[in-house]
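According to this note's numbering, the sequence shown holds residues 2 to 408 in order.
For glycine and all other residues, C-beta sits at the position ideal for the given N, C-alpha and C.
Remarks on the structure that follows.
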Amino acid sequence: MIRYPVTKPFFSEEELQMIGTALDSGWVAQGPKVAEFEKQIAAHEGVAEGVATTSCTTALHLALSVSGLKAGMDAIAPAFTFVATENSIVMTGATPVLCDIHQETFNIDVEKLRQIIETKYRSGNGKLINVESGNILWGIVPVHEFGLCCEIAKINEIADEYGLKVVEDAACALGAMYKDKHQGAFGNLSCISFHPRKSITTGEGGMVLTDDPSAAKRMRELRTHGSTVSADARDKGKGFLLPEFPEAGFNYRMTDIQGAMGIAQIKKLDHIIEEKRKEAAVYNRLIAERLPEFIPPVEPEGFYHTYQSYVCMLDLKKLQIDTVEAGGEYRNILLQKLEDKGIATRQGTHAVHLLGYYRDRFGFKPEDYPQAYACDRLSITLPLYVGLKEEEQEEIIDIIRATIDED
Ligand SMILES: Cc1ncc(COP(=O)(O)O)c(C=O)c1O
């Protein structure tokens, strides 16, 4: 039996009450509750507008679509991220180009990003053209992995230098900051997730954040089948005629049931992040004292980590293991033993180039993105959620210690 899940959403009576108000109103599709939730999230992150969607994947698809990404174009994205980052690029018809990451931060390696731009592309007609495929380089989809912002200021500089677009995958990063500015406030469209493994949840759900009112307007139309008028606005008058549909859009609308739940959840957001940060500090201390085989996550100077997940790496040198592949086998046996002892863990996330669709389509080998490959095989997410007590964290670390010592 699992005693320590890897995460747990944090709910109170308030979510039930708020959902009740949506049901009582008789309006459960996208409507006033979603609009209110959008305003609150945007205000929290310091941006002008939020456009709610059914998930972060659909938020990404929407944001990439209004940013002009389409077939015949390339978008550069990190090789170590949840597959939805690349899938959303594929959904537009464009081609993802992978870039390796830093093992310490799990975020895109900005030097490698520059190298890719300079070696894979040539200039032509004011654009960057892929020397092999002829695709035009559209831009970059950086990820703020596990609640730590990537080097977004440097990425924006590179984008300006080469005339590229940036859409941020901030699925894990609601509340995360770089130099006292929240993710989403760096001038790009930024996409967050409300999946239950994230800081706050609406069951499923996502949102695009932006300071650009025209992008927000177009995303609102596109998420409603490409309609110029939303369903609740139609309900307020002259609803007998269907509006104009100038574009072929999607149905990516969050429901007011979810919006209501989100309004209850956002009140808890700062508390959730503060609690998780305290617990992360406890793990950092315990690992330093008792578990030298684990490398804890870092929070570089100037960054504010929200610890959506607390992800460690195995230290192969300390374990006297020679190869990443052997380290991966060791990790998997360790995680199975921990599960048998009631502790749920997870690999951090996956290396996209090792996954079937991408491996087969591009003929990738594990060593093509060595850092992403190592993180895929050696990362371990420890349980972290509001209510996890210090003595429980001690027990978790002591059980890991004892399990490693069994060998
Ligand atoms: C980095 C990243 N991008 C995108 C997603 C997709 O989010 P959603 O499940 O809301 O579609 C996730 C979900 O875990 C993620 O971690």
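Determine the closest residue to Thr54 out of Val48, Leu129, Gly47 and Ala36, with distance taken between C-alpha atoms. Checking every option, the nearest Cα to that of Thr54 belongs to Ala36.
Proximity test, Thr59 beta-carbon vs ligand 1 heavy atom, cut-off 8 Å: yes
Reference Ala78, options Leu24, Val91 and Tyr331, closest by Cα: Val91
3 or more residues per run - each beta strand (DSSP E) lying fully within the region 101-167: 122-125, 128-131 and 137-141
On a Cα-Cα basis, can you pick out the residue from Leu355, Ile322 and Cys313 that is closest to Leu336? Of the residues Leu355, Ile322 and Cys313, the one whose Cα lies closest to the Cα of Leu336 is Cys313.
Based on DSSP bridge pairs, tell me the residues matched to Gly250. Residue pairing of Gly250 in beta bridges, as defined by DSSP: absent, with no partner found.
I'd like to know whether the C-beta atoms of Tyr5 and Pro384 end up nearer to each other than 9 Å. yes
Label Gly206 either buried or exposed according to how many other C-beta atoms from any shown protein chain fall within 10 Å of its C-beta, with 16 as the threshold for buried. Its Cβ being crowded by 16 or more others within 10 Å, Gly206 is buried.
Could you check whether Gly328 and Leu270 sit closer than 9 Å to each other, using their CB atoms as the reference points? no
Expressed to the nearest angstrom, what Euclidean distance is found between the alpha-carbon atoms of Phe304 and Ile334? 34 Å
Is the region 7-26 in contact with the region 210-230, if contact means three or more CB pairs nearer than 8 Å? no
I'd like to know whether the C-beta atoms of Ser56 and His196 end up nearer to each other than 9 Å. yes
Taking the beta strand (DSSP E) that Gly207 falls in, what are its first and last residues? From DSSP, the beta strand (DSSP E) with Gly207 extends over Gly207 to Thr211.
Just checking, does the region 65-84 make contact with the region 126-140 on the three C-beta pairs under 8 Å criterion? Yes, the region 65-84 is in contact with the region 126-140.
Using the C-alpha atoms, what's the distance from Phe147 back to Thr282? Checking the displayed sequence, the identity of residue 282 turns out to be Ala instead of Thr. Rounded to the nearest angstrom, the two C-alpha atoms are 16 Å apart.
Among the candidates Thr307, Phe365 and Tyr311, whose CA atom is the shortest distance from the CA of Ile296? Tyr311
Quick check on Cys173: does DSSP put it in helix, strand or coil? coil
Quickly, what does DSSP pair Met2 with across the bridge? List them, please. Paired residues: none, contrary to the question.
On the three-state DSSP scale, how would you describe Phe187? coil
Distance, Cα to Cα, Tyr359 vs Gly27? 45 Å
For Gly176 and Gln31, the rounded distance between their alpha carbons: 24 Å
What did DSSP end up calling Lys318 once you bin it into helix, strand or coil? helix
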